[in-house]
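Same order as they appear, the protein sequences are chains A and B.
FYI, the numbering for the first sequence is 36 to 376, going by the working numbering.
FYI, the numbering for the second sequence is 36 to 376, going by the working numbering.
The beta carbon of each residue, even a glycine, is placed where N, CA and C say it ideally should be.
For clarity, every value in this text was computed on a predicted model and none was experimentally measured.
There are 2 protein chains.
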Amino acid sequence: MPGGGPVIPTSATGARAPRITDVAALAGVSPGTASKALNGTGSLRAETRDRVREAARQLGFTPDSRGRSLSSGRSYAVGLITTDSSGRFSIPVMTGAEDALSAGELMLLLCDTRDDPLRERHYLRTLAARRVDGLIVTGRRTEPREPVQVGVPVVYAFNPSTDPEDMSVVVDDRDGAVQAVQHLLGLGRRRVVHLTGPQRHRSAGDRAAGVVEAAGSSLAAEPWFGEWSERWGRQGLDLALRRVPDLDAVVCGSDQIARGVCDRLRELGRSVPGEVAVTGFDNWPVMAEASRPPLTTVDLELTELGRRAAQLLIDAIDGRPHRGLLRLPTRLVARASTLGE
Amino acid sequence: MPGGGPVIPTSATGARAPRITDVAALAGVSPGTASKALNGTGSLRAETRDRVREAARQLGFTPDSRGRSLSSGRSYAVGLITTDSSGRFSIPVMTGAEDALSAGELMLLLCDTRDDPLRERHYLRTLAARRVDGLIVTGRRTEPREPVQVGVPVVYAFNPSTDPEDMSVVVDDRDGAVQAVQHLLGLGRRRVVHLTGPQRHRSAGDRAAGVVEAAGSSLAAEPWFGEWSERWGRQGLDLALRRVPDLDAVVCGSDQIARGVCDRLRELGRSVPGEVAVTGFDNWPVMAEASRPPLTTVDLELTELGRRAAQLLIDAIDGRPHRGLLRLPTRLVARASTLGE
DNA sequence: CTGACCAAGGAAAACGTGTTCCGACGTTTC
DNA sequence: GAAACGTCGGAACACGTTTTCCTTGGTCAG
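See below:
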């Protein structure tokens with residue numbers, strides 16, 4: 036049947052998927068020779084090589100990666116353990132990782148543990164059974180997590196391992212906060228306050244530390260810790276205004292908080308950024324771009340983080356192991372909430 | 036080394052990962068017998084079985100799924116092709132699919148094509164090489180897509196195949212709209228308008244059709260098509276009010292639109308739901324719950340959709356193929372934007 | 001003319017498992 | 001006592017590929 040799309044042949048196409056033996060038979064050579072011809076190894080006459088390749092093409096031969104894997108000792112697959120794949124943090128990390136891996140012909144095995152240790156154990160076992168070449172571990176919080184015990188290279192992305200010897204790639208939250216503050220100081224703001232998430236969250240603490248460090252004497256009050264919500268942004272702003280009536284900049288620990296702050300400021304009739312400049316954190320498009328005005332915010336570059344994590348893993352798999360924590364820079368995205376129109 | 040966590044042994048643990056041969060040798064039986072003992076097949080004395088199992092436990096033996104796969108003809112893996120894994124629609128679908136598959140010991144191979152036909156071809160080839168048992172195809176839009184050509188069972192989730200014979204699982208957008216409207220009618224609303232996304236989007240059209248059908252004479256104006264944004268919600272509300280000053284309910288095609296509508300109504304001093312009731316669509320928590328007031332909305336039950344898709348796929352793999360379109364019901368989530376406090 | 005060397009390709013083993021077939025042994029039945 | 005039968009376990013092959021080693025035949029130098 037000539038017409039129709041390019042059917043990729045497999046065991047269910049009707050007949051069996053062609054094996055290298057079939058290719059070899061058609062080309063009139065031995066399976067070993069066919070393998071060499073297709074992989075460009077060994078020493079073969081050009082004519083033979085072409086004949087084999089033509090036979091493979093004709094049969095629509097796709098080498099079975101399981102056989103190849105068994106023979107090579109590598110599975111060309113890595114597991115991705117995530118504590119919640121629906122988190123908006125793990126998603127871009129996954130995307131970046133997949134990006135880097137697919138370039139290296141590696142596939143990603145998705146494992147969503149839902150923060151359940153039992154599920155995690157189950158998945159680790161399954162991944163071990165599949166003899167994955169490596170593992171990427173990610174989550175939705177920046178708290179260090181206890182390392183996984185597994186006999187292949189592991190990279191922790193976004194949430195580091197508690198073992199400082201393990202490979203971890205994380206966001207430099209503190210530097211992000213510093214960038215935001217410096218941006219505001221550069222615009223002449225001198226009465227800066229900081230509203231952020233729960234104090235027990237490491238990212239909140241890191242960002243607050245960055246703000247305190249960078250703002251120096253321009254910090255008009257101690258940071259307020261609350262929750263990662265718009266509601267807290269609105270409430271927190273009220274608190275801040277009571278304490279610092281003449282504040283001219285609010286550095287927020289998340290875009291949600293910043294959006295709440297903007298909303299409340301508008302309700303109070305204070306112009307943004309005319310009277311008060313506002314910055315967010317995370318560059319979560321749906322928040323940052325939909326806010327009125329759109330938010331100047333700190334992009335975590337999570338896709339790049341995922342990519343780097345995957346690259347590190349590939350290196351380790353290829354026998355060039357790295358170790359320790361890699362802190363990636365963030366990127367300030369300036370929008371109307373500090374710049375105006 | 037006894038201390039430390041439960042190391043899952045693999046080829047990199049230092050020594051080689053133990054093979055079934057090693058287990059057999061330790062138990063004093065042949066590899067074939069060991070296989071039978073571990074899998075509960077064949078006829079063996081209980082004592083022999085136990086001896087083998089004990090040996091396996093002692094060695095920390097994990098059967099190599101590649102060998103097993105080669106022998107059984109099944110790979111126990113399915114590919115997940117998504118046009119964008121960062122979309123908030125594909126994520127819950129993936130989660131649900133993974134949920135159903137992991138129960139059946141199947142793994143998910145993640146393939147994000149980024150809507151690029153070249154990448155898709157690449158991934159299809161790779162998945163074919165891995166001899167996946169099946170394929171789930173999903174995307175971020177509800178438009179039917181051209182079927183993939185591959186020799187294994189395929190289920191289309193969220194976005195159906197253009198071939199009505201293919202297995203597809205989709206959201207019943209129309210029924211969702213009907214539910215929302217009936218909810219409003221039940222609350223006594225009689226001047227209903229509808230604001231939704233771009234007319235070229237099938238989901239917008241389906242939802243609009245449902246609204247028109249269910250509202251009947253209570254529909255105060257033709258639906259307005261615009262975009263899926265809060266900004267359009269605000270603008271659209273102005274249009275609607277100009278045309279229907281006494282409207283008492285706005286059915287929105289998305290939570291973003293609904294949120295914009297609520298914001299604008301508040302700015303205009305019209306109470307929600309006192310004067311105007313508002314419904315959203317999608318039950319996107321960050322929108323629906325953060326809106327003021329929180330949105331009554333239509334949950335698409337995407338996780339369940341993913342689960343069903345996976346279940347259908349498993350059935351097909353096990354030789355019980357289904358066919359045609361499965362339209363899953365949505366679920367109305369009532370919140371303050373229609374009910375008040 | 002012979003020995004050394006090289007190119008080309010084949011045979012066989014390896015990767016790890018599951019399954020089929022068959023033989024050995026012990027028990028039962030006539 | 002012999003034939004039939006059931007239980008248990010081993011040998012061999014299958015799955016599909018890669019790689020190592022070896023053979024064959026040809027060419028070149030001495």
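Through-space distance from residue j to residue i, alpha-carbon basis
i	j	result
residue 222/A	residue 250/A	13 Å
residue 89/B	residue 124/A	43 Å
residue 235/B	residue 277/B	25 Å
residue 325/A	residue 106/B	54 Å
residue 256/B	residue 178/B	26 Å
residue 327/A	residue 356/B	51 Å
residue 200/B	residue 338/B	24 Å
residue 308/B	residue 374/B	7 Å
residue 122/B	residue 150/B	12 Å
residue 372/B	residue 314/B	7 Å
residue 55/A	residue 108/A	19 Å
residue 191/B	residue 366/B	21 Å
residue 77/B	residue 85/A	47 Å
residue 40/B	residue 175/B	Low confidence applies here, because residue 40/B scores a pLDDT of 34, under 50, leaving its location unreliable; read the following figure in that light. Each residue's Cα considered, the two are about 41 Å apart.
residue 98/B	residue 323/A	49 Å
residue 128/A	residue 310/B	44 Å
residue 358/B	residue 180/B	16 Å
residue 81/B	residue 145/A	38 Å
residue 281/A	residue 303/A	14 Å
residue 74/A	residue 120/B	33 Å
residue 60/A	residue 66/A	8 Å
residue 329/A	residue 130/A	25 Å
Same chain only: Cβ atoms within 6 Å of residue i, ignoring 5 sequence neighbours per side
i	result
residue 155/B	148
residue 162/B	114
residue 72/A	79, 84, 87
residue 376/B	none
residue 349/A	139
Cβ neighbours of residue i in the same chain (closer than 8 Å, five flanking residues each side left out)
i	result
residue 110/B	104, 165, 166, 167, 168
residue 183/B	116, 155, 159, 170, 172, 189
residue 230/A	258, 259, 261, 267, 268, 271, 272, 275, 285, 286, 287, 288, 292, 296
residue 6/A	Absent from the model: residue 6/A. The displayed extent of chain A is 36 to 376, so no value can be given.
residue 29/A	Because chain A is modelled from 36 through 376, residue 29/A falls outside the range shown and cannot be assessed.
residue 244/A	209, 212
residue 363/A	204, 205, 206, 207, 336, 339, 340, 343
residue 331/A	215, 218, 312, 313, 314, 315, 367, 368, 369, 370, 371, 372, 373, 374
residue 299/A	268, 269, 272, 273
Start-to-end residues for the alpha helix (DSSP H) that takes in residue i
i	result
residue 246/A	237–250
residue 368/A	Not the alpha helix (DSSP H): residue 368/A falls in the beta strand (DSSP E), residues 366–368.
residue 141/B	Segment: none, residue 141/B is in no alpha helix (DSSP H) and carries neither H nor E.
residue 326/A	Careful: residue 326/A lies outside any alpha helix (DSSP H) and carries neither H nor E.
Residues near residue i in its chain [Cβ-Cβ closer than 7 Å; skip 5 each side]
i	result
residue 58/B	69, 87, 90, 91, 94, 96
residue 100/A	111
residue 352/A	168, 169, 188
residue 360/B	195, 199, 203, 205
residue 64/A	83, 87
residue 334/B	318, 365, 366, 368
residue 305/A	311
residue 220/A	253
Contact test: residue i Cβ vs the ligand NAP heavy atom, cutoff 7 Å
i	result
residue 296/A	The ligand NAP is not among the ligands present in this structure, which contains no ligands whatsoever.
Unbroken beta strand (DSSP E) run spanning residue i, endpoints
i	result
residue 284/B	284–287
residue 157/B	No beta strand (DSSP E) holds residue 157/B; the alpha helix (DSSP H) holding it covers 152–164.
residue 105/A	Premise fails: residue 105/A lies in the alpha helix (DSSP H), 100–107, not in any beta strand (DSSP E).
residue 169/A	169–173
residue 118/B	Premise fails: residue 118/B is in no beta strand (DSSP E) and is neither H nor E.
residue 362/B	360–363
residue 229/A	227–231
residue 334/A	332–334
**Request:** Would you list, in chain order, the members of the segment 140–152 of chain A that have their beta-carbon closer than 7 Å to a beta-carbon of chain B?
**Result:** The residues in question are 142, 143, 144, 145, 147.
**Item:** Selection of the segment 198–209 of chain B by Cβ proximity to chain A, strictly under 9 Å
**Value:** Listed by position, the residues of the segment 198–209 of chain B near chain A (Cβ gap below 9 Å) amount to none.
**Prompt:** How do the segment 238–257 of chain A and the segment 203–216 of chain A stand: do at least 3 beta-carbon pairs fall below 8 Å, yes or no?
**Reply:** Put simply, the segment 238–257 of chain A touches the segment 203–216 of chain A. At least three CB pairs are less than 8 Å apart.
**Message:** Tell me which residues of the segment 114–134 of chain A have at least one Cβ-Cβ distance to chain B shorter than 7 Å, keeping chain order.
**Reply:** Those residues of the segment 114–134 of chain A that come within reach of chain B (Cβ to Cβ, closer than 7 Å) are 120, 121, 126, 127, 129, 130, 133.
**Asked** For the 8 Å Cβ check, are there 3 or more pairs between the segment 132–143 of chain A and the segment 335–354 of chain A?
**Response** Here the segment 132–143 of chain A lies against the segment 335–354 of chain A, with 3 or more beta-carbon pairs under 8 Å apart.
**Message:** Counting only Cβ-Cβ distances shorter than 7 Å, please list the residues of the segment 74–107 of chain B near chain A, keeping chain order.
**Reply:** 97, 98, 99, 100, 101, 102, 104, 105: these are the residues of the segment 74–107 of chain B whose beta carbon lies less than 7 Å from some beta carbon of chain A, given in chain order.
**Asked** Name the residues in the segment 261–274 of chain B whose C-beta lies less than 9 Å from a C-beta of chain A; which are they?
**Response** The residues in question are 264, 265, 266.
**Message:** If the cut-off is 7 Å on Cβ atoms, which residues from the segment 154–182 of chain B count as contacting chain A, listed in chain order?
**Reply:** Taking 7 Å as the cut-off between beta carbons, the residues of the segment 154–182 of chain B near chain A are 159, 160, 161, 163, 164, 165, 166, in sequence order.
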